[in-house]
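Engineer: Before I ask anything, let me first share the structure, which is written out below as structure tokens.
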Amino acid sequence: MTTSIDVKPFGTSQDGKKVEFFSLDSGNGCVVGLCSYGATISSVRYADKFGKIDEINFGFDDLASYEAHTSSMGVTVGRYANRIKNAQFMLNGEVIKLDKNSKNVHSAHGGFKGFGNQVFTAEIVETAQGKGGKRGKGVKFTYISADGEGGYPGELTISVTYYLSADNILRFEYDAVSSQDTFINITNHAYFNLDGIAADGSTNVNDHEIQINSGFITPLDADSVCTGEVRPVDNSPFDLRQLSRIGNGIENPDELMKAVNGGYDISYILGADDGQMKDAAYVQSAKSGRAMKVATTQPCLQLYSNANLRETLLRGGKSVFKDAGFCLEAQDYPNGPNIAHFPTRPVRAGEKYHQVIEYQFITLS
417 MTTSIDVKPF GTSQDGKKVE FFSLDSGNGC VVGLCSYGAT ISSVRYADKF GKIDEINFGF
477 DDLASYEAHT SSMGVTVGRY ANRIKNAQFM LNGEVIKLDK NSKNVHSAHG GFKGFGNQVF
537 TAEIVETAQG KGGKRGKGVK FTYISADGEG GYPGELTISV TYYLSADNIL RFEYDAVSSQ
597 DTFINITNHA YFNLDGIAAD GSTNVNDHEI QINSGFITPL DADSVCTGEV RPVDNSPFDL
657 RQLSRIGNGI ENPDELMKAV NGGYDISYIL GADDGQMKDA AYVQSAKSGR AMKVATTQPC
717 LQLYSNANLR ETLLRGGKSV FKDAGFCLEA QDYPNGPNIA HFPTRPVRAG EKYHQVIEYQ
777 FITLS
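Numbered per the working numbering, the sequence shown spans residues 417 to 781.
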């Protein structure tokens, strides 16, 4: 069984570019929707333990909603994901100044016109991928970021390639090359709820269980900027090395959680940035019988439990609120260019940047 792909128009962007929507069907109970605006994961429909297929990903019905919303809903994030303190860093002895799009002080997710606000070109591709060599078709999205966009040096050519295999692994590969030395940190900001999205606004993730394979976090300051501290998770709500109910932390926040509105919004250190895949996280819901595994080559993983999510109207007119979903954003170190003891390093001119993230969707027996 091979993945099938359907493509249809998804409107015209505010700057006059045609946008497409791709539906990838694994043939095994998983259908993924991708949008060329922001190279976005717009939809994930997956079967529960009763065989019912529901939407488990947050997204919108139309392009205008993606253009208007500021929560990075499912988009590709870059040039540098997370926040850069004071919207600047040193590179080759020069101070590089970035867009100040976070509290008018810091830079977040690549600036005012990061990848999530751009229209990518798209093409259908096919590769051998997935367990047992099963073939998974996919879509390759490409964008050329101009020298100086968001303040970042170098013309950057980036591609995001999504594959969906017959064993329900959604794999995304990030490839980029710059004409100048620069910093690159690309991830995806998809929001999930494994129970689906309730019509009455009651959606939350408190009873989901999560495990993250990390013993260290990188705390934030009052502006949600990484301070450079590396803190053990021992004896804290951030210790998720064993399967734990997400709500236990949300309902009993420590000082770090209170600083970010009472939920999880923190980066975990997974290991070296050595190109090797790491088992990063696992989430499950006993209610629906759905589960999700995350693996990545990235050195860190951001867990965000939507503590700052204001009322948002999703597809089908369904509203979600605070703590409605979770994000697992595999990434480089937050604020890494400004913290000397972090292993973040610049990508040199002509050097190939490559990172991989996999989400595997599972039905519990």
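Where is the CB? At the ideal position from N, CA and C, for every residue including glycine.
Return the first residue and the last residue of the beta strand (DSSP E) that Met693 is part of.
Structural biologist: Per DSSP, Met693 belongs to no beta strand (DSSP E) and is neither H nor E.
Engineer: Beta strand (DSSP E) containing Lys434: first to last residue?
Structural biologist: It spans Lys434 to Asp441 - the beta strand (DSSP E) in which Lys434 sits, taken as one unbroken run.
Engineer: Alpha carbon to alpha carbon, how far is Asp470 from Gly678? Give it in angstroms, no decimals.
Structural biologist: Roughly 29 angstroms between the two C-alpha positions.
Engineer: Of the residues Ala756, Lys734 and Ile778, which one's Cα is nearest the Cα of Val710?
Structural biologist: Val710 has its Cα closest to that of Ile778, out of Ala756, Lys734 and Ile778.
Engineer: At a Cβ threshold of 7 angstroms, is Gln627 touching chain B?
Structural biologist: Chain labels in this structure do not include chain B; a single protein chain is all it has.
Engineer: Exposed or buried, what is Ala463 when buried is set at 16 or more other beta-carbons lying within 10 Å of its beta-carbon?
Structural biologist: It is buried - the Cβ of Ala463 has at least 16 other Cβ atoms within 10 Å.
Engineer: Taking the straight line between their C-alpha atoms, what separation do you get for Phe466 and Phe476?
Structural biologist: For Phe466 and Phe476, the distance between alpha carbons rounds to 26 angstroms.
Engineer: Counting beta carbon pairs with one atom in the stretch 667-684 and one in the stretch 514-532, are three or more of them shorter than 8 angstroms?
Structural biologist: No: the two stretches stay apart, fewer than three of their Cβ pairs being nearer than 8 angstroms.
Engineer: Kindly indicate the opening and closing residues of the beta strand (DSSP E) around Ala674.
Structural biologist: In the sequence as displayed, the identity of residue 674 is Lys instead of Ala. Looking at the DSSP string, Lys674 is not in any beta strand (DSSP E); the run it does join, the alpha helix (DSSP H), is Glu671 to Ala675.
Engineer: For Arg764, count neighbouring C-beta atoms within 10 Å of its own C-beta (all shown protein chains included) and say buried if the count is 16 or more, exposed if not.
Structural biologist: Flag for Arg764 reads exposed.
Engineer: Tell me whether the beta-carbon of Ile685 lies closer than 7 angstroms to the beta-carbon of Cys716.
Structural biologist: Contact: yes.
Engineer: Alpha carbon to alpha carbon, how far is Ser721 from Asn517?
Structural biologist: Cα-Cα distance, rounded: 22 angstroms.
Engineer: Using a Cβ-Cβ cut-off of 6 angstroms (strictly less than) and excluding sequence neighbours within five positions of Ile441, which residues of its own chain qualify?
Structural biologist: With the sequence shown as reference, residue 441 is identified as Asp, and Ile is not the correct amino acid for it. Around Asp441: Ser420 and Val447.
Engineer: Is it right to say Lys501 is buried, meaning 16 or more other beta carbons lie within 10 angstroms of its own, or is it exposed?
Structural biologist: Under this definition Lys501 is a buried residue.
Engineer: Taking DSSP as the reference, what is the three-state secondary structure of Ala484?
Structural biologist: In the structure shown, Ala484 sits in a helix (DSSP, three-state: H, G or I).
Engineer: Decide yes or no for the touch test of the stretch 482-489 against the stretch 499-513: beta carbon pairs closer than 8 angstroms, at least 3 of them.
Structural biologist: They do not touch, by the three-pair rule.
Engineer: For Arg731, which option in Gly443, Arg461 and Pro425 has the closest C-alpha, if you only look at C-alpha atoms?
Structural biologist: Here the closest residue by C-alpha is Arg461.
Engineer: Could you spell out where the alpha helix (DSSP H) holding Ile666 opens and where it closes?
Structural biologist: Ile666 -> alpha helix (DSSP H) spans Ile662 to Glu667.
Engineer: Exposed or buried, which one is Gln430 when buried takes at least 16 other CB atoms within 10 Å?
Structural biologist: The residue is exposed, with fewer than 16 neighbouring Cβ atoms inside 10 Å.
Engineer: Note down the Cα distance separating Ile682 from Ala723, rounded to an integer number of angstroms.
Structural biologist: One C-alpha to the other measures close to 12 angstroms.
Engineer: State the beta-bridge partners of Gly449 as determined by DSSP.
Structural biologist: Partner(s): Ser439 and Ser459.
Engineer: Given a cut-off of 7 angstroms, decide if Tyr607 and Cys743 are closer than it, judged by their beta-carbon atoms.
Structural biologist: In this structure, Tyr607 lies closer than 7 angstroms to Cys743 by Cβ.
Engineer: Touch check for the stretch 588-601 and the stretch 765-773: three-plus C-beta pairs under 8 angstroms?
Structural biologist: Cβ pair count under 8 angstroms is three or more, so yes.
Engineer: Leaving out five residues on either side along the sequence, give the residues of the same chain with a beta carbon under 7 angstroms from the beta carbon of Glu727.
Structural biologist: Closer than 7 angstroms at the Cβ level, and outside the excluded window around Glu727, lie Ser735 and Phe737.
Engineer: Under a three-way DSSP split, which group does Gly549 fall into?
Structural biologist: Residue confidence is low: Gly549 scores 47 on pLDDT, short of 50, so the model does not pin down where it sits. Its coordinate-derived value is still stated next. Of the three classes helix, strand and coil, the one that applies to Gly549 here is helix, per DSSP.
Engineer: So, is Leu580 buried or exposed, given that buried needs 16 or more other C-beta atoms within 10 angstroms?
Structural biologist: With 16 or more other Cβ atoms within 10 Å, it is buried.
Engineer: Under 7 angstroms between the Cβ atoms of Lys519 and Asp639?
Structural biologist: Their beta carbons are under 7 angstroms apart, which means Lys519 touches Asp639 by this criterion.
Engineer: Do you know how far the Cα of Ile633 is from the Cα of Gly663?
Structural biologist: Rounded to whole angstroms, Gly663 to Ile633 spans 19 angstroms at the Cα level.
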